[in-house]
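All remarks here apply to the structure that follows.
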Amino acid sequence: MTSPGAFALDGGRPVRYICPVDPGELLDLLKGRTGFTEAHAALLRELGQVMAPIAPEVALAFYDYLGRDPELSEILHAVPGRVERLYGTFAHWYGELFSGTYDRAYAERRRRIGLVHARLGIGPRAMIPAMGIVQELSLEHLRTALRGPEVFSAVEAFEKIVAVEIGLIEESYLEALALGFALGHRDLRRALAEGAAALLAPPHPGPGRGPG
Ligand code: HEM
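Residues 1 to 212 (the UniProt record's numbering) are what the sequence shown spells out, left to right.
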């Protein structure tokens, strides 16, 4: 199984890099392991009516939480305008949790999100608690928006998609790390960041397809 465009360097020469798991296959595996069905997808789409409108509110609370952590706050403010841009990208991601469509393209977008964070050195110790905050904020809203017993099936569907999200993102970290080591980096953080940077780089042009 290979990942489109992924490569490694062998003595300075680019070669195809074998991706540990194809995103589409990984998605199917995670759906099976979490018991995520089409019924859960349909329910999440329905929940989108009450959840998608609160995306900007969740984004505000989320970055407020990250901003209170000195290490994470430094990353957020390292580039002018970054936090402001992130409000939008995060809100979009949040809306997609309730899109009802969880296909290969979705899995590839999640892989990319993992790699973008890995390249910045934002590892699982930051991502997993952050995902916990997203759950906390969302469950609070679900509890107030749905007052009847339907809240139980809503929480079940939501928890399953969050588990799938975490699985997809964390596997992309492993992919980055493996490539970082293959590229010769021995320091864990460096291997993670450099492996992710290589995976995010546009594919190397094949022989005879370069400029000139
Ligand atoms: C639930 C966890 C998180 C989600 C869902 C999330 C979501 C996203 C998304 C969708 C992007 C855009 C990715 C792209 O360019 O394709 C992004 C980028 C980014 N995120 Fe996160 N994020 C999470 C956790 C964190 C944490 C813990 C930090 C710590 C500081 C962080 C900092 C950043 C930064 C710095 C960028 C790059 C912004 C840029 O383009 O300059 N994120 N995030």
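Cβ atoms here follow ideal geometry from the backbone N, Cα and C, with glycine treated the same way.
Count the C-beta pairs between the segment 175-185 and the segment 123-140 that are closer than 8 Å, then say yes if the count reaches three, no if not. No, the segment 175-185 does not touch the segment 123-140.
Burial state of S3 (16 or more Cβ within 10 Å): Locating residue 3 in the sequence shown gives position 3, where the first residue counts as 1. The predicted position of S3 is uncertain, since its pLDDT is 45 and thus under 50; a value taken from the coordinates is nonetheless stated next. That one is buried.
At a threshold of 8 Å, does T144 count as lining the ligand HEM (C-beta to nearest heavy atom)? Position 144 of the sequence shown, counting from 1, holds the residue named residue 144. Every heavy atom of the ligand HEM is 8 Å or more from the Cβ of T144, so no.
Enumerate in chain order the residues of its own chain whose CB-to-CB distance from G167 is below 6 Å, with the five nearest sequence positions on each side excluded. On the sequence shown, residue 167 is found 167 positions in, with the first residue counted as 1. Correct list, in chain order: L30.
Check whether the Cβ atoms of L27 and A107 lie closer than 9 Å to each other. Reading the sequence shown from its first residue, position 27 is the one you call residue 27. Reading the sequence shown from its first residue, position 107 is the one you call residue 107. Contact flag set, yes.
Are the segment 74-93 and the segment 35-43 touching, with three or more C-beta to C-beta distances below 8 Å? Taking a cut-off of 8 Å on C-beta distances, the segment 74-93 does not touch the segment 35-43, as fewer than three cross pairs fall below it.
Return yes when the C-beta of R186 is under 8 Å from any heavy atom of the ligand GTP, and no when it is not. Summarising the ligand content, the structure contains the ligand HEM and does not contain the ligand GTP.
Roughly how many whole angstroms lie between the Cα atoms of L192 and E170? Against the sequence shown, residue 192 aligns to sequence position 192. Against the sequence shown, residue 170 aligns to sequence position 170. For the pair L192 and E170, the Cα-to-Cα distance works out to about 12 Å.
What I want to know is whether the C-beta of L72 ends up closer than 8 Å to one or more non-hydrogen atoms of the ligand HEM. Translated into positions along the sequence shown, residue 72 becomes position 72. Checking every heavy atom of the ligand HEM against the Cβ of L72, one is found closer than 8 Å.
Could you name the residues of the same chain whose beta carbon sits closer than 8 Å to that of L188, not counting the 5 residues immediately before and after it, in chain order? Here residue 188 is taken as the residue at index 188 of the sequence shown, counted from 1. Closer than 8 Å at the Cβ level, and outside the excluded window around L188, lie L177.
Within 10 angstroms of the Cβ of E156, are there 16 or more other Cβ atoms? Answer buried if so, exposed if not. Position 156 of the sequence shown, counted from the first residue, corresponds to residue 156. It counts as exposed.
Closer than 7 Å: residues whose CB approaches a heavy atom of the ligand HEM: Residue list for the ligand HEM: L66, L72, I75, L76, V79, R82, R85, L86, T89, F90, H92, W93, R112, I113, V116, H117, L120, I122, A126, M127, A130, M131 and V134 (CB closer than 7 Å to any heavy atom, chain order).
Would you kindly work out how many angstroms separate the C-alpha atoms of L200 and A145, rounded to a whole number? Counting from one through the sequence shown, the residue named residue 200 turns up at place 200. Counting from one through the sequence shown, the residue named residue 145 turns up at place 145. Distance from the CA of L200 to the CA of A145, rounded to the nearest whole angstrom, comes to 39 Å.
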